[in-house]
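Remarks on the structure that follows.
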Amino acid sequence: MTTQEETTISAVISILVENESGVLARVIGLFSGRGYNIESLTVAPVEESRHQSRINVVTSGTPQVIEQIKAQVGRLVPVYRVSDLTALGPHVAREMALVKVVSSGEARTEALRIAEAFRARAVDTTATSFVFELTGATDKLDSFIDLMRPLGLAEVSRTGVAAIVRGPRTI
Amino acid sequence: MNATPNLNDLKPNTRAGAGDVVLSGAEVLLRVLVDQGVEVIFGYPGGAVLPIYDALFRQNAIRHVLVRHEQAAVHAAEAYARSTGKVGVVLVTSGPGATNAVTGLVDALMDSIPVVCFSGQVGVPLIGTDAFQEADTTGITRPATKHNYLVRRAGDLARVAHEAFYIARSGRPGPVLVDLPKNLTVGPAPYQPAPRTAHPSYRPRTEPDREAVARAVAAMKGAKRPLFYTGGGIINSGPQASEALGRLVRMTGFPCTSTLMGLGAFPTTDRQFLGMLGMHGTYEANLATHGCDVLVALGARFDDRVTGRLDAFSPDSFKIHADIDPSQIDKIVRVDVPILGDAGRTIEMMIEEWARQSATPDNAALAQWWQQINAWRGIRSLHFEQDMTPSAIIRPQYAVRRLYELAMETGRDTYVSTEVGQHQMWAAQHFQFDRPNRWLTSGGLGTMGYGLPAAVGAQIAHPDALVIDIAGEASTLMNIQELGTIAQYRLPVKLFILNNQYMGMVRQWQELLHGSRYSESYSAALPDFVRLAESFHARGMRATCVGELDDVIRAMLAEPGAVVADISVAQDENCYPMIPSGAAHNQMLLGPEQDGEVTVSAEGRMLV
Chain A
1 MTTQEETTIS AVISILVENE SGVLARVIGL FSGRGYNIES LTVAPVEESR HQSRINVVTS
61 GTPQVIEQIK AQVGRLVPVY RVSDLTALGP HVAREMALVK VVSSGEARTE ALRIAEAFRA
121 RAVDTTATSF VFELTGATDK LDSFIDLMRP LGLAEVSRTG VAAIVRGPRT I
Chain B
1001 MNATPNLNDL KPNTRAGAGD VVLSGAEVLL RVLVDQGVEV IFGYPGGAVL PIYDALFRQN
1061 AIRHVLVRHE QAAVHAAEAY ARSTGKVGVV LVTSGPGATN AVTGLVDALM DSIPVVCFSG
1121 QVGVPLIGTD AFQEADTTGI TRPATKHNYL VRRAGDLARV AHEAFYIARS GRPGPVLVDL
1181 PKNLTVGPAP YQPAPRTAHP SYRPRTEPDR EAVARAVAAM KGAKRPLFYT GGGIINSGPQ
1241 ASEALGRLVR MTGFPCTSTL MGLGAFPTTD RQFLGMLGMH GTYEANLATH GCDVLVALGA
1301 RFDDRVTGRL DAFSPDSFKI HADIDPSQID KIVRVDVPIL GDAGRTIEMM IEEWARQSAT
1361 PDNAALAQWW QQINAWRGIR SLHFEQDMTP SAIIRPQYAV RRLYELAMET GRDTYVSTEV
1421 GQHQMWAAQH FQFDRPNRWL TSGGLGTMGY GLPAAVGAQI AHPDALVIDI AGEASTLMNI
1481 QELGTIAQYR LPVKLFILNN QYMGMVRQWQ ELLHGSRYSE SYSAALPDFV RLAESFHARG
1541 MRATCVGELD DVIRAMLAEP GAVVADISVA QDENCYPMIP SGAAHNQMLL GPEQDGEVTV
1601 SAEGRMLV
């Protein structure tokens, strides 16, 4: 595509769409059809009265590819707005994980201690397992999960990133 | 043609209220079509669209043209749209009807042709049950259309049908599909007129930013080696855009080249026209693109057939790019001044700005530039030698030349469609188009089998015009069944086959890139096209040598009905000039004498 070497950057793209059937398929079909990356994806209605949903996509590519993603998504008929939050300035990006750890003895105590340090909540507890709930930036969740690995990590469920611009601005 | 539609049975009743006759979904659909000015539908019936066909039977406002394959319905609608500026309309049934239409829809998407395709669907309660002739049509056509809909409620039918037309024709035009479950067309549905409010999320921008246009004009007036590079967007914008382009090119004195899709926007016989650019473009067009200092791209999208090797594309130019679609800006080539908007409005604003800035071109530099261009022209890159001995083999370029010259002698308004391959490039190089909307070809998708149904669509739209499909024998066999449509409607279409008994472009690439190993590219077991024509109630003609060519063309043009002319041409002819894949504009092959010099890079071999 591009005539000069460029570095790959990560971007959080927020898309406001008409909440109609097939709209998510349009957006993700565009990503796969044009070979764009999807690192994480969240979607939920955000303005029930106006029937709008918000899709947040974490993607990566050269700055030119990120521009293309915005332009290509922007021309989908049910899309109201597309914003690259990374380019808009400071933003908050959070995701939630449910992490199941099955262990006993020393490992179990250690898992609980680390969970406290990460401010993860145990939302389910049995004699042999915990389910921790943890919210935060993606890299925080990644390190928590890494630390749980030797301590009986059994299963992970993550939401993907929800993101919003800091301050009074909106997309 | 039903020139004067009888609208009585479909006209919306402005005093509609309780107690009025309840319309079925199918009747509502036809009302919407009448509201949208539809006069012709191309289609093929089937179980899921029977209610719509029944409603069609009981009215006279809309004419239905029965094609012989759903792919052909879409190509015919594309050519109807391309040659009239209206939206082409298609009606197909569910399942195979819709899947057969997919190639046509992608073709329309790639070439930005406004088409609305209505497809039948199994009833809403049956969707998802693998019912007979059920397919996930909206799923399949999502990447094949500009937008598509599955209508799930009768109350949405009229609104969605109106919206489909608006989306197909506005902004960057394209195909829109509306999937209609059978129970909704059978059952009652409320009629609604076209909405007057703006679409909530789809707001295409057509008016260019004056500041951007002013910057473009400032660069243009300082240019020493400028070039207009024009594309299909100008044709889509309408005839007034082509007229404005003519004024802009003449007032600036700049040279002008065009993409395949843009041919005819600026007269191809004009001295300021350099011919088509790109892979099979002229030497002067490509060298001018390579050497220009200001490149003004209008309604063109830097397709890979145009640019060749990207890092060597027009390396020293200041680039201006006007396009209605924001996603085309900086997609392939980075530009210095992007202008978002309709091509015609952009050109008109450039003319205004040129006057406002009291711009005068740098005439001394321009004279030098034209001198250089004329030197390139002197190479005569489209030149060919035809042996005029009556028994000599016909060269395909000569056949197209003579077809053009003899067609012009008739003085008739002439529309040319093509299939895809060598003959298409020879048609683009040697037929001349001095007006827009007369050239109908499959550019982006490169769909073999486009030309014959396209000729059907053009002839339906222009019953009195001369419509010629310049074809190859391999391509045209892909939709040859449309000779049946041509017979049914007595369309005087001329199918002009350059028959070299090869998939010529495949053979050419195999010769240049694969050691002349002609794997599966020979057209074995060809039909006798003369007898094939006769079996479809058309006239068949054949020319096998130069001495027969003019007589066959004259007889074909004089024939009041449909003709299939089988022209035997040189089998080993290659299409030149050519930029081999992966090469730059200044590395063109001019003719077979240079074939030995072809060094296609490993990267080039991987390109299509």
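First to last, the sequence lines map onto chains A and B. Start counting the first sequence at 1; every next residue gets the next number (this note's numbering). Start counting the second sequence at 1001; every next residue gets the next number (this note's numbering). For each residue, glycine too, the CB sits at the ideal point set by N, CA and C.
Original post:
Apart from the five residues on each side of it in sequence, which residues of its chain come closer than 8 angstroms, Cβ to Cβ, to residue 961 of chain B?
Top reply: In the structure as shown, chain B begins at 1001 and stops at 1608. Residue 961 of chain B is therefore absent and cannot be evaluated.
Subject >> Where residue 1138 of chain B meets chain A, residues with beta-carbon distance less than 8 angstroms >> reply: Under the 8 angstroms cutoff, chain A gives 22.
**OP:** Excluding the 5 residues preceding and the 5 following residue 1183 of chain B in the sequence, name in chain order all residues of the same chain whose CB lies nearer than 8 angstroms to its CB.
**Re:** For residue 1183 of chain B, where only same-chain residues beyond five positions count, the Cβ hits under 8 angstroms are 1123, 1124 and 1125.
**OP:** Please classify residue 1262 of chain B: is it buried, with 16 or more other beta-carbons within 10 angstroms of its beta-carbon, or exposed?
**Re:** Buried, since its Cβ has 16 or more Cβ neighbours within 10 Å.
Original post:
CA-CA distance, residue 1001 of chain B and residue 1063 of chain B?
Top reply: For residue 1001 of chain B, the predicted model reports a pLDDT of 39, less than 50, meaning its position is unreliable and no value from the coordinates is stated.
Subject >> 4 or more residues per run - each alpha helix (DSSP H) lying fully within the stretch 1543 to 1602 of chain B >> reply: Listed in chain order, the complete alpha helix (DSSP H) runs (minimum 4 residues) inside the stretch 1543 to 1602 of chain B are 1546 to 1558.
Original post:
Can you name the residues that DSSP bridges to residue 1181 of chain B?
Top reply: For residue 1181 of chain B, which the question treats as bridged, DSSP gives the partners B:1121.
**OP:** Within 10 angstroms of the Cβ of residue 1431 of chain B, are there 16 or more other Cβ atoms? Answer buried if so, exposed if not.
**Re:** Its Cβ being crowded by 16 or more others within 10 Å, residue 1431 of chain B is buried.
Original post:
Are the C-beta of residue 1331 of chain B and some C-beta of chain A separated by less than 8 angstroms?
Top reply: Closer than 8 angstroms: yes.
Subject >> Nearest neighbour of residue 1370 of chain B, chosen from B:1256, B:1356, B:1419 and B:1450 [CA to CA] >> reply: The closest CA to that of residue 1370 of chain B, considering only B:1256, B:1356, B:1419 and B:1450, is found on B:1256.
Original post:
So which residues of chain B does residue 18 of chain A contact, with C-beta pairs closer than 9 angstroms?
Top reply: Per Cβ cutoff of 9 angstroms: 1200 and 1201.
Original post:
Using a C-beta to C-beta distance shorter than 9 angstroms, which residues of chain B count as neighbours of residue 71 of chain A?
Top reply: Near residue 71 of chain A (Cβ distances below 9 angstroms), the residues of chain B are 1325, 1326, 1327, 1328, 1329, 1330 and 1331.
**OP:** Give the interface partners of residue 1435 of chain B over in chain A, defined as CB-CB distance under 7 angstroms, in chain order.
**Re:** Ordered by position in chain A, no residue passes the 7 angstroms Cβ test against residue 1435 of chain B, which lies about 31 angstroms from the chain.
Subject >> Closest residue to residue 1161 of chain B among B:1189, B:1140, B:1580 and B:1135 (Cα-Cα distance) >> reply: Comparing Cα-Cα distances from residue 1161 of chain B to each of B:1189, B:1140, B:1580 and B:1135, the minimum goes to B:1189.
**OP:** Could you list which residues in chain B have their beta carbon closer than 7 angstroms to that of residue 78 of chain A, in chain order?
**Re:** 1201, listed in chain order.
Original post:
Quick one: complete beta strand (DSSP E) runs, 3+ long, within the stretch 1253 to 1338 of chain B?
Top reply: Uninterrupted beta strand (DSSP E) stretches at least 3 residues long and entirely within the stretch 1253 to 1338 of chain B occur at 1256 to 1258, 1273 to 1276, 1294 to 1298 and 1318 to 1323, given in chain order.
**OP:** Please work out which residues of its chain come closer than 7 angstroms, Cβ to Cβ, to residue 1582 of chain B, disregarding the five sequence neighbours upstream and downstream, and give them in chain order.
**Re:** Cβ neighbours of residue 1582 of chain B beyond the five flanking positions: 1309, 1600, 1601, 1603, 1604 and 1607.
Subject >> For residue 1464 of chain B, the three-state DSSP class (helix, strand or coil) >> reply: It is coil, neither helix nor strand.
**OP:** Assign residue 1018 of chain B to one of three DSSP states: helix, strand, or coil.
**Re:** Because the pLDDT of residue 1018 of chain B is 45, which lies under 50, any placement of that residue in the model is unreliable, and the number read from its coordinates should be weighed accordingly. Three-state result, residue 1018 of chain B: coil.
Original post:
Is residue 1562 of chain B near residue 1491 of chain B, with beta carbons less than 8 angstroms apart?
Top reply: Pairing residue 1562 of chain B with residue 1491 of chain B gives a Cβ-Cβ distance under 8 angstroms.
Subject >> Selection from A:95, A:89 and A:117 that minimises the alpha carbon distance to residue 42 of chain A >> reply: Nearest of A:95, A:89 and A:117 to residue 42 of chain A, Cα basis: A:95.
Original post:
With 8 angstroms set as the bound, which would you pick, yes or no: does the beta-carbon of residue 26 of chain A sit closer than that to a beta-carbon of chain B?
Top reply: Yes, contact with chain B.
**OP:** Determine the burial state of residue 1219 of chain B: buried for a count of at least 16 other Cβ atoms within 10 Å of its Cβ, exposed for fewer.
**Re:** Buried.
Subject >> residue 1236 of chain B, DSSP secondary structure in three states >> reply: The DSSP-derived three-state label of residue 1236 of chain B is helix.
Original post:
Mind checking residue 1148 of chain B: buried by the 16 CB within 10 Å criterion, or exposed?
Top reply: Classification for residue 1148 of chain B: buried.
Original post:
Between residue 6 of chain A and chain B, is there a C-beta pair that is closer than 8 angstroms?
Top reply: Residue contact check for residue 6 of chain A against chain B: no CB pair falls below 8 angstroms.
Original post:
Of all the options A:98, A:141 and A:127, which has the alpha carbon lying nearest to the alpha carbon of residue 155 of chain A?
Top reply: Residue 155 of chain A has its Cα closest to that of A:98, out of A:98, A:141 and A:127.
Original post:
To the nearest whole angstrom, what separates the beta carbons of residue 1311 of chain B and residue 1222 of chain B, a pair I think is in contact under 8 angstroms?
Top reply: With a Cβ gap of about 26 angstroms, residue 1311 of chain B and residue 1222 of chain B do not count as contacting.
**OP:** Could you pull out every residue in the same chain whose Cβ sits closer than 6 angstroms to the Cβ of residue 12 of chain A, ignoring the five residues on either side in sequence?
**Re:** Taken in chain order, the residues that qualify are 58, 85, 86, 93 and 163.
**OP:** Report the rounded CA-to-CA distance for residue 1232 of chain B versus residue 1470 of chain B, giving the unit in angstroms.
**Re:** Residue 1232 of chain B and residue 1470 of chain B: Cα-Cα distance of roughly 20 angstroms.
**OP:** Please classify residue 1057 of chain B: is it buried, with 16 or more other beta-carbons within 10 angstroms of its beta-carbon, or exposed?
**Re:** Its Cβ having fewer than 16 others within 10 Å, residue 1057 of chain B is exposed.
Original post:
What first and last residue would you give for the beta strand (DSSP E) that runs through residue 1475 of chain B?
Top reply: For residue 1475 of chain B, no beta strand (DSSP E) run applies; the uninterrupted alpha helix (DSSP H) run containing it begins and ends at 1473 to 1476, by DSSP.
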